[in-house]
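Take a look at the structure set out below.
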Amino acid sequence: MNLKSHASLVIFLVLALLVFAFSWTKHIVFTDEIIYEEFSYQMFTTGDYLAPNQEGTVWLIRPPLYFWITALAYRIIPPTPFSRRLVTLIAAAATVALTYKLAAPFFSKKAARWSMILLATTPLFLFFTKAANLDIPLAFFILATILAYEKAKTQPRWLWVAGISFGLGILTRSFLALTPVPVILIDQMLFEKRKIPAKHIALALALSLTIALPWHLAVWRRYPQAFVQDYLKFNIADHLFAQTPGHQPISMIRFLANVLVIYNPLAVLALGNLLPQRSRTRRNLRLFLIWIASSLVPLSLAVTRHEWYAIQALPPIAILAGSGLVRIEEAVRLRLNAQRLVILKMFGLSVLLTLPTVVFLNMPKETKSVATLNQFLKRTPASTPLYNLENRYTPQSTLYNPRETPVIDSEELESIVAPLYVYADDDRQYELIKEKTQSCCEWEIIAQDRNAKVVFINPR
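Every position in the sequence shown, counted from 1, becomes a number in my numbering once 30 is added.
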């Protein structure tokens, strides 16, 4: 095999190994993984695929596509850490591949290869390939929608593919899947000369609704209160105008710094596109800049700002970074002799290898709620429930945490009559427990990780 002619395939296979590496470990680095596993497992065991179920209660915080596929996978592969992450892993590998497919016609094969490499080694992206999550599959569907839209400019039948992937994106991540709408509208209205007839776009949108709408109507009809409170209120009002429980609020500047610098340090290479180049190449940047803005502006304006929600913006950032890196390399090659160029490339390679190394070294460090829960499970009898203060931070899971995890209000702590264990997610909650129980009870910390604690409260 001629490696040079198959360079893109070889690079992709190496990156796929990077994506799949350590995906079988039991460590939980993202707490929501427990919830998603339970949703999938309940569908698998009960055969009820309509609504996600948690501790015997319908919990419509997320659309069902990820859970449907995982539940079906459980019929073939036993429920394991790998099988619950399988959808994420396949979506991650496919996202890397489609990043190449989208970048190549805009820039060059070389830039497209670098785009793949930079995406797969981005800490924010690589870290979440090691946990069941909905944001990498969402990134895939958004990328597939925009790639199909680009192809539809010359081959209109690709709009059907765009419509399908857009509908599946909504069934994966609800309102966060709407990013292609402003991208396509702005591109068509302001920049693109090859206009797609509005009726064709409307037909593609109708196909999307045909895919996504039936489930929404079905759960609204069967569980109207849960649909309004969990699905609409939680996903819109509680994210746009309030901070979701269990996460410290961060500023808009900190959010953007984390996404564009701290958790994605090589995004700075996108600045290489500012170097002198052909006007056609500069025009090619527009679509990706619109895409990034359509993702990051709404996310940064919301009160709840989770960095993993921005994974959908990583493919266009990687494409711009890949193009910028090629421009930087061309400029540097003209100014450095061969020896210095080799030294610079070796330095760049060491930086590139450092990023996944740091991610893998941090894999054993589980989230604080999970680490604290593990200590609690080892130190208490099997039937002991773990009360969660104000919010369910340590959800019950058939496969992972069989304990009951009822939510208790802080006011209820003042009148407890029997010993119980309460999970405090941070120092504020721990101080609140002490304040509410100081006149009636004694307390003892029996598990702790970082600022999370399990407090044993014993009435006097």
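Just so you know, even glycine gets a beta-carbon here, dropped at the ideal spot from N, CA and C.
Item                                                                                                                                                           : Value
Would T435 and F60 qualify as a contact pair, given that the criterion is a beta-carbon distance under 8 Å?                                                    : no
For the alpha helix (DSSP H) containing P345, name the first residue and the last one.                                                                         : 344–363
What whole-angstrom Cβ distance do L198 and L95 have, given they're in contact under 8 Å?                                                                      : 6 Å
Which ranges does the alpha helix (DSSP H) cover as unbroken runs of at least 4 residues, wholly within the region 74–156, from first to last along the chain? : 95–103, 111–136, 139–150
Residues in the same chain with beta-carbon distance under 7 Å from T414, minus the five sequence neighbours each way, listed in chain order, please.          : R433, Y451
In whole angstroms, what is the alpha-carbon distance linking G276 and Q307?                                                                                   : 47 Å
Use the C-beta contact count for N314: other C-beta atoms within 10 angstroms, 16 or more gives buried, fewer gives exposed.                                   : buried
Hey, would you say L149 sits closer than 8 Å to V126, going by beta carbons?                                                                                   : yes
Please classify N294: is it buried, with 16 or more other beta-carbons within 10 angstroms of its beta-carbon, or exposed?                                     : buried
Out of curiosity, what's the CA-to-CA distance linking L164 and Q369?                                                                                          : 46 Å
Kindly confirm or deny that the region 363–382 and the region 187–207 touch, where touching means at least three C-beta pairs closer than 8 Å.                 : no
Closer than 7 Å by C-beta to F257: which residues in its own chain qualify, once you throw out the five before and the five after it? Chain order, please.     : L90, V249, W250
Just the Cα atoms here: how many angstroms apart are I349 and E67?                                                                                             : 32 Å
Could you give the DSSP three-state label for L7: helix, strand or coil?                                                                                       : Residue 7 cannot be examined here, being either before or after the span of the chain that is shown, 31 to 490.
At which residues does the beta strand (DSSP E) containing N488 begin and terminate?                                                                           : 482–489
Rounded to a whole number of angstroms, what is the C-alpha to C-alpha distance between R480 and T428?                                                         : 26 Å
What do you reckon, are the CB atoms on P167 and A121 nearer than 8 Å?                                                                                         : yes
Got a sec? Which residues, its chain only, sit under 6 Å from A161 by beta carbon, not counting five neighbours each side?                                     : V59, F60, E63
Using the C-alpha atoms, what's the distance from N367 back to L379?                                                                                           : 18 Å
Does the pairing of the region 448–464 with the region 409–424 give three or more beta-carbon distances under 8 Å?                                             : yes
Do you know whose CA, among H269, A141, Y79, V484, lies nearest L206's CA?                                                                                     : H269
Between the Cα of F406 and the Cα atoms of H36, A477, A134, which residue gives the shortest distance?                                                         : A477
Work out the CA separation of F158 and V333 for me, nearest whole Å.                                                                                           : 22 Å
Reducing DSSP to helix, strand and coil, say where D165 ends up.                                                                                               : helix
Which term fits M31, buried or exposed, when burial requires 16 or more other beta carbons within 10 angstroms of its beta carbon?                             : At M31, the pLDDT of 39 sits below 50, so the modelled position is not reliable; the number obtained from the coordinates is stated separately. It is exposed - the Cβ of M31 has fewer than 16 other Cβ atoms within 10 Å.
What are the boundary residues of the alpha helix (DSSP H) that D457 is part of?                                                                               : 457–467
Closest to T424 by CA distance: which of L403, R409, E442, S440 is it?                                                                                         : L403
Taking the straight line between their C-alpha atoms, what separation do you get for I241 and I231?                                                            : 16 Å
Specify the secondary structure class of L366 as computed by DSSP and reduced to three states.                                                                 : coil
Tell me whether L33 is buried or exposed, calling it buried when 16 or more other Cβ atoms sit within 10 Å of its Cβ.                                          : Here L33 scores only 47 on pLDDT, less than 50, and its place in the model should not be relied on; the value that follows carries that caveat. So L33 ends up on the exposed side.
Helix, strand or coil for E396, going by three-state DSSP, please let me know.                                                                                 : coil
Quick one: residues in its chain with C-beta nearer than 6 Å to the C-beta of V356, no 5 flanking neighbours on either side, listed in chain order?            : K140, A141
What are the start and end residues of the alpha helix (DSSP H) that includes I41?                                                                             : 37–50
Between R335, L296, Q468, which lies nearest to L383 when the distance is taken from Cα to Cα?                                                                 : L296
Quick check on E180: does DSSP put it in helix, strand or coil?                                                                                                : helix
Along the chain, where does the beta strand (DSSP E) containing W473 start, and where does it finish?                                                          : 471–479
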